[in-house]
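K.L.:
Residue numbers (the working numbering): 160 to 671. C-beta atoms are modelled at their ideal positions from N, C-alpha and C, and glycine is treated no differently. Got a structure for you, written out below as structure tokens; questions coming shortly.
Printed below as a string of structure tokens:
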């Protein structure tokens, strides 16, 4: 959804695509946990524990555990959902106490400290033993343009903007609150406190700067729009609170989500995670969060609009708005049909597309088109199922190395068994200071499959404590036959054949 690479190499993945792609990656695995954090946060805003602080501890403990899970699953999510969790604590205290004072800040601080303590110490062994090589932020390389931002988040933006306008609509149309007489308005302003005049002045300046920045492209397209939406959402919260103090928390939480999402958009246009390829993963991970958070907030806004619309559907404006939103939603759903068909035909052929929740359906009769030749996926799937059913523990397996984004690493990926080396670039990204070790491992794997001699291959197998060696169509395409023949023949008695079906052979290293 952004310009071809370069300049930014941005990945603009969204949840439906993630599941359609069957990408069992950290950003997919974390989605249920992010929804759990938001659900708990919402529950906190609606609970009334009174002054019995100990009653809140079970909920706060589960919230802390859920946030802690994100640190181990997908670290990118931690700052986003930690802020959402703390925001929910603030909303809960405002609702309970009825206003902003020092007691509110004290309660929010100790509850936040408790949640963060649970989050960290619940996964202390992980934090003590994990190593990350990129831990900070740096200035971003480029920004998101207005068309790009609208094309990605236009539906959510339209719904959120509509809700903001609707929320202030009664205030605007209330003649008792606002007189449209210029004379009355002038008198009212002069009678106001100087702080009110300063606030009006600052607001006018901000809107002026936003218009200039948007028209000139100085801040890109996403920052001005996001700032505008944050101002509208804050203003909407103020109006909703004035109109109905008893139910303000119901609207405050989705507003908190939306404000958080637009703040993320601003942050991505200012900073990126250090070591990124321009903005590739920074946009990828954070825009996926924006999509999920804005999607949930927009669902509430749309539901609220359709159920509490104050103006009659007989009006021309009402009809136009309903048709506009309907067209936006319908156009957004086009991908679910045509995108699915395109994806099924993208990389595999000789496979009958079927709608199913079975992520392995594509392997039943699919053919992978590798640059070196076709690969029958059903043969590998049969071997994977056999390993799952017959191998206990976590022995090391050996399989061939291919370029990144090919069918290499397929046995390890689909069994969960450790292997000597995975995809080159992904391994280098995650182990940046050990890139030489990764290159060395790749060379050793290639040597085992390539060299015709027994001694070198045997020593390398012992070095990595390999227990099972796979020879399938991948290995036959990427390695010479004389190098594979020594493995077929047992490497001088070191190996024994334990599986041979559909062109896939698995050799076991004998126990000495």
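So, do the stretch 473-487 and the stretch 436-455 have three or more beta carbon pairs nearer to each other than 8 Å?
P.N.:
The stretch 473-487 is not in contact with the stretch 436-455.
K.L.:
For residue 226, count the other beta carbons within 10 Å of its own beta carbon; 16 or more makes it buried, fewer makes it exposed. Which is it?
P.N.:
On the chain shown, position 67 is the one that residue 226 refers to. Under this definition residue 226 is a buried residue.
K.L.:
Are there three or more Cβ pairs, one per stretch, closer than 8 Å when the stretch 576-593 is compared with the stretch 632-646?
P.N.:
No: fewer than three Cβ pairs fall under 8 Å.
K.L.:
For the structure I just gave you, are there three or more beta carbon pairs, one from the stretch 254-269 and one from the stretch 192-201, closer than 8 Å?
P.N.:
No, the stretch 254-269 is not in contact with the stretch 192-201.
K.L.:
Taking residue 654 as part of the beta strand (DSSP E), name the residues at either end of that continuous run.
P.N.:
By 1-based counting over the chain shown, the position of residue 654 is 495. Counting along the chain, the beta strand (DSSP E) containing residue 654 begins and ends at 654-660.
K.L.:
Over what stretch of residues does the alpha helix (DSSP H) that includes residue 556 continue unbroken?
P.N.:
The residue you call residue 556 lines up with position 397 of the chain shown. No alpha helix (DSSP H) holds residue 556; the beta strand (DSSP E) holding it covers 555-557.
K.L.:
Could you give the uninterrupted runs of the beta strand (DSSP E) lying entirely in the stretch 205-260, keeping only those of 3 residues or more?
P.N.:
Within the stretch 205-260, no complete beta strand (DSSP E) run reaches 3 residues.
K.L.:
Taking buried to mean at least 16 other C-beta atoms within 10 Å of its own C-beta, is residue 215 buried or exposed?
P.N.:
Position 56 of the chain shown holds residue 215. When all chains shown are included, residue 215 counts as buried.
K.L.:
Say whether the stretch 601-609 touches the stretch 552-562, bearing in mind that this needs 3 or more beta-carbon pairs closer than 8 Å, one atom from each stretch.
P.N.:
Yes, they touch.
K.L.:
Could you name the residues of the same chain whose beta carbon sits closer than 8 Å to that of residue 178, not counting the 5 residues immediately before and after it, in chain order?
P.N.:
Sequence index remark: in the chain shown, residue 178 carries index 19 (1-based). The residues are 187.
K.L.:
Do you know how far the Cα of residue 394 is from the Cα of residue 274?
P.N.:
Here the question's residue 274 lines up with position 115 in the chain shown. Here the question's residue 394 lines up with position 235 in the chain shown. In a straight line, the C-alpha of residue 274 is about 29 Å away from that of residue 394.
K.L.:
Judging by CA-CA distance, which residue of 297, 420, 632, 517 is the nearest neighbour of residue 434?
P.N.:
Mapped onto the chain shown, residue 434 falls at position 275. It is 297.
K.L.:
Measuring CB to CB, does residue 400 end up less than 8 Å from residue 170?
P.N.:
Locating residue 400 in the chain shown gives position 241, counting from the first residue. Locating residue 170 in the chain shown gives position 11, counting from the first residue. It is not a contact, given that the beta carbons lie outside the stated cut-off.
K.L.:
Determine the burial state of residue 462: buried for a count of at least 16 other Cβ atoms within 10 Å of its Cβ, exposed for fewer.
P.N.:
The count along the chain shown starts at 1 and reaches residue 462 at position 303. Residue 462 comes out exposed.
K.L.:
Taking DSSP as the reference, what is the three-state secondary structure of residue 638?
P.N.:
Locating residue 638 in the chain shown gives position 479, where the first residue counts as 1. Coil at residue 638, not helix or strand.
K.L.:
Report the three-state DSSP secondary structure of residue 277 (helix, strand or coil).
P.N.:
Sequence index remark: in the chain shown, residue 277 carries index 118 (1-based). Three-state DSSP puts residue 277 in a helix.
K.L.:
Just confirm the distance between the C-beta atoms of residue 307 and residue 439, as a whole number of angstroms; I'd bet it's less than 8 Å.
P.N.:
Within the chain shown, residue 307 is the residue found at index 148, counting from 1. Within the chain shown, residue 439 is the residue found at index 280, counting from 1. Incorrect: roughly 15 Å between the Cβ atoms, too far for contact.
K.L.:
Only counting the same chain, and skipping five residues up and downstream in sequence, which positions put a Cβ closer than 7 Å to that of residue 653?
P.N.:
The residue given as residue 653 occupies position 494 in the chain shown. These residues qualify, in order along the chain: 617, 668, 669.
K.L.:
Spatial neighbours of residue 432 within its chain, please: C-beta separation below 7 Å, excluding the five flanking residues on both sides.
P.N.:
Position 273 of the chain shown, counted from the start, is the residue given in the question as residue 432. These residues qualify, in order along the chain: 293, 296, 440, 441.
K.L.:
Here's the rule I'm using: 16 or more other beta-carbon atoms within 10 Å means buried, otherwise exposed. How should residue 164 be labelled?
P.N.:
Sequence index remark: in the chain shown, residue 164 carries index 5 (1-based). That one is exposed.
K.L.:
As an exercise, report each continuous alpha helix (DSSP H) stretch of at least 4 residues that is fully enclosed by the stretch 265-327, in chain order.
P.N.:
Correct list: 283-288.
K.L.:
Nearest to residue 519 by alpha carbon, out of 476, 500, 569?
P.N.:
Residue numbering aside, residue 519 sits at position 360 when the chain shown is read from its first letter. Cα-wise, what sits closest to residue 519 is 569.
K.L.:
Three-state secondary structure (DSSP) at residue 430?
P.N.:
Indexing the chain shown from 1 puts residue 430 at position 271. Of the three classes helix, strand and coil, the one that applies to residue 430 here is strand, per DSSP.
K.L.:
Based on the DSSP output, what are the partners of residue 625 in its beta bridges?
P.N.:
The count along the chain shown starts at 1 and reaches residue 625 at position 466. Bridge partners of residue 625: 555.
K.L.:
Give the C-beta separation of residue 224 and residue 281 to the nearest angstrom, bearing in mind that I take them to be a contact with Cβ-Cβ under 8 Å.
P.N.:
Indexing the chain shown from 1 puts residue 224 at position 65. Indexing the chain shown from 1 puts residue 281 at position 122. Indeed, because the Cβ distance is near 5 Å, the residues count as touching under 8 Å.
K.L.:
Using the C-alpha atoms, what's the distance from residue 166 back to residue 382?
P.N.:
Residue mapping note: residue 382 aligns to position 223 of the chain shown, counting from 1. Residue mapping note: residue 166 aligns to position 7 of the chain shown, counting from 1. If I take the Cα positions, the gap works out to 19 Å.
K.L.:
Hey, how far is the Cα of residue 237 from the Cα of residue 231?
P.N.:
For this step, residue 237 is matched to residue 78 along the chain shown. For this step, residue 231 is matched to residue 72 along the chain shown. If I take the Cα positions, the gap works out to 9 Å.
K.L.:
For residue 300, which option in 427, 565, 541, 516 has the closest C-alpha, if you only look at C-alpha atoms?
P.N.:
In the chain shown, counting from the first residue as 1, residue 300 sits at position 141. Checked all of 427, 565, 541, 516; the closest Cα to residue 300 is 427.
K.L.:
Pairs of beta-carbons, one from the stretch 606-622 and one from the stretch 307-326, closer than 8 Å: are there three or more?
P.N.:
Because the criterion of three Cβ pairs below 8 Å is not met, the stretch 606-622 and the stretch 307-326 do not touch.
K.L.:
Within its chain, find whatever has a CB closer than 8 Å to the CB of residue 341; leave out the 5 residues flanking it on each side and keep chain order.
P.N.:
Translated into positions along the chain shown, residue 341 becomes position 182. Because residue 341 sits at a pLDDT of 45, beneath the cut-off of 50, its placement in the model cannot be relied upon, and the following sentence gives the value as read from the coordinates. Result list for residue 341: empty, nothing under 8 Å.
K.L.:
What residue does the beta strand (DSSP E) around residue 672 start on, and which one ends it?
P.N.:
With the chain represented from 160 up to 671, any question about residue 672 goes unanswered, as that position is not in the structure.
K.L.:
In angstroms with no decimal places, state the Cα-to-Cα distance between residue 660 and residue 285.
P.N.:
Translated into the one-based positions of the chain shown, residue 660 becomes position 501. Translated into the one-based positions of the chain shown, residue 285 becomes position 126. The alpha-carbon atoms of residue 660 and residue 285 are separated by roughly 40 Å.
K.L.:
In terms of alpha-carbon separation, which member of 648, 584, 583, 522 lies closest to residue 612?
P.N.:
Taking the first residue of the chain shown as position 1, residue 612 is located at position 453. For residue 612, the nearest C-alpha among the options comes from 648.
K.L.:
Taking residue 527 as part of the beta strand (DSSP E), name the residues at either end of that continuous run.
P.N.:
Position 368 of the chain shown, counted from the first residue, corresponds to residue 527. Looking at the DSSP string, the run of the beta strand (DSSP E) that includes residue 527 is 526-529.
K.L.:
Is it the case that the Cβ atoms of residue 249 and residue 189 are separated by a distance below 8 Å?
P.N.:
Within the chain shown, the letter at position 90 stands for residue 249. Within the chain shown, the letter at position 30 stands for residue 189. Cβ atoms of residue 249 and residue 189: not closer than 8 Å.
K.L.:
Going by the beta-carbon positions, is the gap between residue 415 and residue 246 smaller than 8 Å?
P.N.:
By one-based count along the chain shown, residue 415 stands at place 256. By one-based count along the chain shown, residue 246 stands at place 87. Yes.
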